[in-house]
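Working notes for the structure below.
In the numbering used here, the protein residues as written are 10 to 257.
In structure tokens:
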């Protein structure tokens, strides 16, 4: 496990985990386990700006961070096989047997209603968010080569960070920084604390130096954040993670 909700194999994400609590107190745990993935198609479906999914470096960077059952096993994995294995091992782990049941008439009616109102409704599927994600990229020349950072913001919260560049050493440190910054407040001091802490822990257990300075990575992340904010005008109203009203 890494960060709050990622399951990894060999340092690469293979599943995203989440928990939903309904207004009535019902708790639902869910996961998205990757059987296979077309990264370019995924970026287009998610409406990532065209320059992002046309950037081969970014696609390669995403591919380096994600793996799938097909890649790990070296063969096709049918969805039915995966479901059967999950069912079997959930039963073993929790000491419980699954019972196959059909949806009740009331449940089926609610499913159909949701499908018509949302998932089959093009107006809902292609709606514009009242506060779209803000995306920015930072470039910084270092002794190790060109450092690139991509950032996605939701208001004053960091939604995700992607770090890539012309170097291969110390990649696990950059993955750690990406993980720790996810859903953190957009504050320069907080970013610097995460980066410097990750670099210090690396240096404690490795003899070889990292290819760049912590300050260089902080600068590149902040450049990306400033560009994201500059290109998108918004009125800050807080977020569910950091519902405060002041700017950093």
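Quick reminder that beta carbons are idealized off the backbone N, C-alpha and C, glycines included.
Worksheet entry | Uninterrupted alpha helix (DSSP H) stretches inside the segment 88-145 (no shorter than 4 residues) | 88-103, 114-123, 131-134
Worksheet item: Can you name, in chain order, every residue of its own chain whose Cβ lies under 7 Å from the Cβ of residue 225, other than the five neighbours on each side?
Response: Contacts found: 149, 151, 156.
Worksheet item: Taking the Cβ atom as the reference point for each residue, do residue 41 and residue 19 lie within a distance shorter than 8 Å?
Response: no
Worksheet item: Out of curiosity, what's the CA-to-CA distance linking residue 98 and residue 92?
Response: 10 Å
Practice prompt. Express the C-alpha separation of residue 28 and residue 35 in angstroms, rounding to a whole number.
Written response: 10 Å
Practice prompt. With DSSP collapsed to three states, give me the class of residue 22.
Written response: strand
Discussion item. Could you compute how far the alpha carbon of residue 71 sits from the alpha carbon of residue 136?
Written reply: 26 Å
Discussion item. Do residue 211 and residue 182 count as a contact pair if the criterion is CB distance below 8 Å?
Written reply: yes
Item to complete: Report all residues from its chain with a CB closer than 7 Å to the CB of residue 179; omit the five preceding and five following residues, and keep chain order.
Response: 211, 219, 220
Discussion item. Suppose you measure from the CA of residue 193 to the CA of residue 101; what does that come to, to the nearest Å?
Written reply: 36 Å
Discussion item. The alpha helix (DSSP H) that contains residue 235, what's its start and end?
Written reply: 223-239
Fill in: Residues of its chain near residue 223, where Cβ-Cβ distance is below 6 Å and the 5 sequence neighbours each way are ignored
Excluding residues within five positions, the ones whose Cβ falls inside 6 Å are 204, 205, 208.
Worksheet entry | Reduced DSSP secondary structure (H/G/I, E/B, other) of residue 62 | Residue confidence is low: residue 62 scores 47 on pLDDT, short of 50, so the model does not pin down where it sits. Its coordinate-derived value is still stated next. Helix at residue 62.
Practice prompt. Drop a sphere of 10 angstroms on the beta-carbon of residue 159, count the other beta-carbons inside from all chains shown, and report buried for 16 or more, exposed for fewer.
Written response: buried
Discussion item. What would DSSP say about residue 154, mapped onto helix, strand or coil?
Written reply: strand
Item to complete: In the DSSP assignment, find the unbroken beta strand (DSSP E) run with residue 39 in it and report its ends.
Response: 36-42
Worksheet item: Would DSSP call residue 149 helix, strand or coil?
Response: Reduced to three states, the DSSP call for residue 149 is strand.
Item to complete: Would you mind sorting residue 184 into buried or exposed? The rule is 16 or more other CB atoms within 10 Å of its CB.
Response: buried
Worksheet item: Over what stretch of residues does the alpha helix (DSSP H) that includes residue 170 continue unbroken?
Response: That residue, residue 170, is in no alpha helix (DSSP H); its beta strand (DSSP E) goes 166-174.
Practice prompt. Taking the CB atoms as reference points, tell me whether residue 143 and residue 162 lie closer together than 8 Å.
Written response: yes
Fill in: residue 74 beta carbon less than 8 Å from that of residue 45
The answer is no: Cβ separation not under 8 Å.
Item to complete: Using 10 angstroms around the beta-carbon of residue 82, count the other beta-carbons present and answer buried if the total reaches 16, otherwise exposed.
Response: exposed
Worksheet item: Does the beta-carbon of residue 175 have 16 or more other beta-carbons within 10 angstroms, so that it is buried, or is it exposed?
Response: exposed
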